[in-house]
Amino acid sequence: MPAVARVLSSPLTLHPSGRVLINRFVKAATSEYIATYDQENPVATGIPTQAIINAYEKWAAGQWGLIVTGGIVIDTIGITFLPGNMWIGENEDSEERRKAFSDLAKAVHSRNGTLIGQVLNIEDGGAYLATEHPEAAQLSRTVYAAKYLFDSGFDGIELSAPEPPKDNAGLPNIEKVLQLIDISRCTIRSTLPLESVEKFIFGLKVSTARLQQAGVDFSGVIKILQQAESSGYDYVSIAGGNYEFPLSTDEERESFYRKVIEEAKQYLGSNITVYGNGGFRSVAVIESLIKAKKLSGVTMAKAACAEFSLPQKVAQNRVTGAINNPFELENDTAVMAGAAQINQAGAKSLAESQGIINDGVMDLNNSTTLKKFLEAKEDFLNKKQKLKDEGKVLAGAILLSA
Numbered sequence: 001m002p003a004v005a006r007v008l009s010s011p012l013t014l015h016p017s018g019r020v021l022i023n024r025f026v027k028a029a030t031s032e033y034i035a036t037y038d039q040e041n042p043v044a045t046g047i048p049t050q051a052i053i054n055a056y057e058k059w060a061a062g063q064w065g066l067i068v069t070g071g072i073v074i075d076t077i078g079i080t081f082l083p084g085n086m087w088i089g090e091n092e093d094s095e096e097r098r099k100a101f102s103d104l105a106k107a108v109h110s111r112n113g114t115l116i117g118q119v120l121n122i123e124d125g126g127a128y129l130a131t132e133h134p135e136a137a138q139l140s141r142t143v144y145a146a147k148y149l150f151d152s153g154f155d156g157i158e159l160s161a162p163e164p165p166k167d168n169a170g171l172p173n174i175e176k177v178l179q180l181i182d183i184s185r186c187t188i189r190s191t192l193p194l195e196s197v198e199k200f201i202f203g204l205k206v207s208t209a210r211l212q213q214a215g216v217d218f219s220g221v222i223k224i225l226q227q228a229e230s231s232g233y234d235y236v237s238i239a240g241g242n243y244e245f246p247l248s249t250d251e252e253r254e255s256f257y258r259k260v261i262e263e264a265k266q267y268l269g270s271n272i273t274v275y276g277n278g279g280f281r282s283v284a285v286i287e288s289l290i291k292a293k294k295l296s297g298v299t300m301a302k303a304a305c306a307e308f309s310l311p312q313k314v315a316q317n318r319v320t321g322a323i324n325n326p327f328e329l330e331n332d333t334a335v336m337a338g339a340a341q342i343n344q345a346g347a348k349s350l351a352e353s354q355g356i357i358n359d360g361v362m363d364l365n366n367s368t369t370l371k372k373f374l375e376a377k378e379d380f381l382n383k384k385q386k387l388k389d390e391g392k393v394l395a396g397a398i399l400l401s402a
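So this is what it looks like as structure tokens:
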């Protein structure tokens, strides 16, 4: 008999925006890889395609409480590493791009979804942290992207907490990260209309693995989370490990992640939502963490790509958790599989799929489908390497019918 989800499927109010989400599920950031791409023409690159719009409409129909885009790049360096992701840049702007971003927000809102744009503020953040006397002007691309999302009808923005630089003693300079977290939100808010800015959601993704590698201990992570709350972020998304399927080859990383997941909330007030981001699959496990007030909810990436309607099925008590993913511990392959599934879901609008939310999305637990995917993956990687040798880039997802 399926586990009965009561808290997981219950509404959640974000603070300070006051936005009410339909449940505790978050569709995590997942690189789509199917935005437009032209290596020679930035203006024609990074525009949301109809396939992306269709896929996000289906996530909204599947009742994901919060829907976060794949990382939106804001500079040429970002698009080099993530060809096929969406791109917002002042020099790359066009009417076509603005319409596509607006259409994406409208598609999600048509199914009562809440849409967050994850902005890859890596370059801006790096420049800010590397300067002895940083200024808000160094965050200009991030601020521009936030205003762009707001104007396009998005409900909010998600930024990432960077690894801290070293101080003169060679220790992580947490203070500069705290300053960046605070000034990012303040500067963005100053560019948005006063009558609407209070409802704009701010999220912060915090990777315990990246911070741990940079020498940040548990107390340092807590300081970052506390800064997010005091600065007025609505939520933090704690990533960096795999809660239900920990890597046996990296016990230190997994142990640190689990400690933050299970203990962080007791150091925070009631004005910030805390999501666990990594390795959550079982309804019973998630419910227990929420009931114990260790988490407010969870974000899912692999599961969201495999089951666009998972929250709906959980609410209807049809399942006890997400289906098995054969690439649970193989992140690179999982990312490619997820992009292929996004592309499959996006092949038709919800209306064209006759309301079937997971229409056309492959089931990788089917041995025949899995074999076909692995063969297609090898072919894709061979083509990618060949083009790389020629100084070219292969964008897009692995093409495979369900």
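Read in our numbering, the sequence shown has 194 at position 194, and its numbers run on one by one without any break. From the three backbone atoms N, C-alpha and C, an ideal C-beta is built for every residue, glycine too. A quick note: this is a predicted structure, and the numbers were derived from the prediction, not measured.
In the DSSP assignment, F202 forms a beta bridge with I157. Classified as exposed, T131 has fewer than 16 neighbouring CB atoms from the shown chains inside 10 Å of its CB. Note on K27: 16 or more other CB atoms within 10 angstroms of its CB, so buried under the neighbour-count rule. One Cα belongs to L12, the other to P162, and the distance between them is close to 27 Å. In this structure N242 touches G279 by the C-beta definition: roughly 3 Å separates them, less than 8 Å.
Beyond the five residues adjoining it in sequence on each side, A334 comes within less than 6 Å, by CB distance, of K302 and F327 in the same chain, given in chain order.
For N331, there is no enclosing beta strand (DSSP E); the enclosing alpha helix (DSSP H) covers residues N331 to A345. Cβ-Cβ distances below 7 Å link L370 to P326 and L364 in the same chain, with the five nearest sequence neighbours on each side left out; the list follows chain order. In this structure, T30 lies away from Q39, with their beta-carbon atoms at least 9 Å apart.
A straight line joining the alpha-carbon of P134 with that of G126 spans about 11 Å. Remark: C-beta atoms of F373 and L394 do not approach each other more closely than 9 Å.
Remark: C-beta atoms of G71 and L120 approach each other more closely than 9 Å. Look at the stretch 65-124 and you find these whole runs of beta strand (DSSP E), each 3 residues long or longer: 66-68 and 115-118.
The C-alpha of D359 is placed about 44 Å away from the C-alpha of G220.
DSSP, reduced to helix, strand and coil, places L247 outside both helices and strands of the structure shown, so it counts as coil. Annotated three-state conformation of A136 is helix, per DSSP. In the pairwise beta carbon analysis, the stretch 232-250 is classified as not touching the stretch 305-314: fewer than three pairs are separated by under 8 Å. Around the CB of I77, fewer than 16 other CB atoms lie within 10 Å, so the residue is classed as exposed.
Excluding sequence positions up to five before and after A100, its CB lies within less than 7 Å of the CB of I47 and P48, all in the same chain and listed in chain order.
T299 and V68 have their C-alpha atoms roughly 9 Å apart. Within the same chain, Cβ atoms closer than 8 Å to the Cβ of E123 are found at I74, D75, I77, G78 and R141, the five residues on either side in sequence being excluded.
For V393, no alpha helix (DSSP H) segment is defined, and its DSSP state is neither H nor E.
The beta carbon of N271 lies closer than 7 Å to those of H15, P16 and E229 in the same chain, with the five residues before and after it left out. DSSP places Y56 in no beta strand (DSSP E) but in the uninterrupted alpha helix (DSSP H) bounded by Q50 to A61. Contact annotation: the stretch 176-194 touches the stretch 223-237, with at least three C-beta pairs closer than 8 Å. L129 and E254 have their C-alpha atoms roughly 27 Å apart. Taken in chain order, the whole beta strand (DSSP E) runs of length 3 or more contained in the stretch 266-320 are 273-277 and 297-300. Note that the C-beta distance between R24 and G269 is not below 9 Å.
DSSP places F25 in the strand class (E or B) of the three-state scheme. In the structure shown, the three-state DSSP call for K348 is coil. When the Cα atoms are used, V206 and E32 turn out to be separated by approximately 21 Å. For the pair K294 and E92, the Cα-to-Cα distance works out to about 42 Å.
In this structure the stretch 329-347 does not lie against the stretch 273-291, because fewer than three pairs of beta carbons, one per stretch, are closer than 8 Å. Under the DSSP assignment, I238 falls in the beta strand (DSSP E) whose first and last residues are Y235 to A239. Just measuring C-alpha positions, the residue of V216, F81 and K223 sitting nearest D182 is K223.
Here V221 is not bridged, per DSSP, to any residue.
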